[in-house]
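Undergrad: If you scroll down you'll find the structure; I have some questions about it.
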Amino acid sequence: MTFDSILALTDFTTQSEHALDRAALLAGQHNAPLRLIHFAEEPHRFFSDPIARLSQRARQLTRRHGIRAVALERNPVTLDDVVQECGNASLLVMGPLWQRSWKTFYRGTTLDQFVHDSPCPVLVVKQAAARTYEQVLVAVDLTPRSRDLIAFARQLASPSALKLFHAIDTIEESKLRSADVSFEAIRANRLDSRQQAKDRLVQLTRTLGMAGSAMAFDVGNGDPAYQTAVQQQATRAELVVVGKRRASALARFLTGSVAQRLAKWAESDVLVVPIDGLAEPVPMMASQG
1 MTFDSILALT
11 DFTTQSEHAL
21 DRAALLAGQH
31 NAPLRLIHFA
41 EEPHRFFSDP
51 IARLSQRARQ
61 LTRRHGIRAV
71 ALERNPVTLD
81 DVVQECGNAS
91 LLVMGPLWQR
101 SWKTFYRGTT
111 LDQFVHDSPC
121 PVLVVKQAAA
131 RTYEQVLVAV
141 DLTPRSRDLI
151 AFARQLASPS
161 ALKLFHAIDT
171 IEESKLRSAD
181 VSFEAIRANR
191 LDSRQQAKDR
201 LVQLTRTLGM
211 AGSAMAFDVG
221 NGDPAYQTAV
231 QQQATRAELV
241 VVGKRRASAL
251 ARFLTGSVAQ
261 RLAKWAESDV
271 LVVPIDGLAE
281 PVPMMASQG
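Just so we're aligned, residue 1 is where the sequence shown starts under my numbering, counting upward by one.
As structure tokens, then:
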């Protein structure tokens, strides 16, 4: 995938300004044009002309980073307007927008809606953009799409260190407990699941040419979103990459997707990549043993 255009969202708060700086760094890294759009969850009375301010920021970023930055002269802008613009972008960069409207309560926060509805990958920026990403953590589910997700992360960030993480859901273990299976049998099943996951991760790193010193991965047990957030804190990764699939309306309302929850819980920036938008995967070989 090439990065033909990057779209960055701002409401001129400090966090959204971090998003603009990160978007500019990525635009320079990939020689991609940067489009800025003003989107505010609530109107700011102290900005009489947000488009003029947006144009000023575009000129500043152009001079500072040597990129092509332009302001989209549309005001006001709705969430649906931004989603439509995402159809012409390779990446949406935004800060964490937590507001939840009573009119669209069932759809979650503004951040939830962008993560769910955007046709292009969404980068949620939480930290100041002082440098390019060096430590990247990729949450993988070990399906054939995992390779495409990792390749996308490497292409976007070009990190000096990349680590893979897989969380084994404990639903199967809960079923064993409810069936009064012995502790020893449950423990053996847990160890077997971890070993199988590690074997597949080794295989995955080899197919991607990451074997040897560049190979780094870990396996955890529990809710994938929570465990990945914990792993991010432990490794101090600057960026977490996670794939997303379309969830049903009921699942979205009750729990949200793994990507939505991780975008909230991780302390680092989070890149959410629509799995279905990636290239057709090449099937992975079955794990041995």
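For each residue, glycine too, the CB sits at the ideal point set by N, CA and C.
Note that the structure is predicted; figures quoted are calculated from it, not measured.
#1: Which class does T109 belong to by DSSP, given the choice of helix, strand or coil?
#2: Could you give the distance in angstroms between the alpha-carbon of L239 and the alpha-carbon of A188?
#3: Could you check where the beta strand (DSSP E) with Q135 kicks off and where it finishes?
#4: Once DSSP output is grouped into helix, strand and coil, what is the label at F217?
#5: Start and end of the beta strand (DSSP E) containing G209?
#6: Please report the Cβ distance between L34 and R68, rounded to the nearest whole angstrom; I am assuming they are in contact, meaning their Cβ atoms lie under 8 Å.
#7: Using a threshold of 8 Å, state whether the C-beta atoms of M94 and L156 are closer than that.
#8: Comparing C-alpha positions only, which one of I37, A216 and I168 sits nearest to A197?
#9: To the nearest angstrom, how far is the alpha carbon of A32 from that of Q127?
#10: Work out the CA separation of G66 and T255 for me, nearest whole Å.
#11: Rank S5, D4, V273 and T14 by C-alpha distance to the C-alpha of F152 and give the top, closest one.
#12: State the Cα-Cα distance for the pair D199 and L262, rounded to the nearest angstrom.
#13: Return the bridge partner residues of P274 from the DSSP annotation.
#14: Return the chain-ordered ranges of every beta strand (DSSP E) run that is complete within the region 48-87 and spans a minimum of 3 residues.
#15: Compare the Cα-Cα distances from A129 to each of V230, Q15 and L201 and report the closest residue.
#16: State buried or exposed for T292, treating a residue as buried only when at least 16 other CB atoms are found within 10 Å of its CB.
#17: For L36 versus R57, is the C-beta spacing smaller than 8 Å?
#18: Could you tell me which residues DSSP puts in a beta bridge with H166?
#19: Would you identify the three-state DSSP class for R35, choosing helix, strand or coil?
#20: Between S182, L164, E73 and P76, which lies nearest to L201 when the distance is taken from Cα to Cα?
#21: Give the single residue among Q113, A139, E134 and A89 whose Cα lies nearest to the Cα of P121.
#22: Can you give me the C-alpha to C-alpha distance between L149 and A229, rounded to a whole angstrom?
#23: Any idea what DSSP makes of A8, helix, strand or coil?
#24: Any idea what DSSP makes of A19, helix, strand or coil?
#25: Excluding the five sequence neighbours on either side, which residues of its own chain have a C-beta within less than 6 Å of the C-beta of V138, listed in chain order?
#26: Candidates E41, R53, R131 and P119: which alpha carbon is nearest L7's?
TA: If we stick to the structure as given:
#1: coil
#2: About 34 Å.
#3: Q135 to A139
#4: strand
#5: Annotation for G209: no beta strand (DSSP E) segment contains it, and DSSP assigns it neither H nor E.
#6: 7 Å
#7: no
#8: I168
#9: 22 Å
#10: Since pLDDT at T255 reaches only 42, below the 50 mark, its modelled position is unreliable, and the value read off the structure follows with that caveat. If you take the alpha carbons of T255 and G66, they lie about 42 Å apart.
#11: V273
#12: Approximately 25 Å, taken between the alpha carbons.
#13: K244
#14: 69-71
#15: Q15
#16: Given that the chain is displayed from residue 1 to residue 289, the structure contains no residue 292 and the question cannot be resolved.
#17: yes
#18: V219
#19: Here R35 sits in strand by DSSP.
#20: L164
#21: A89
#22: 18 Å
#23: Correct three-state label for A8: strand.
#24: helix
#25: Within its own chain, the residues whose Cβ lies closer than 6 Å to the Cβ of V138, once the five positions on either side in sequence are excluded, are I150, A153, L164 and V241, listed in chain order.
#26: P119
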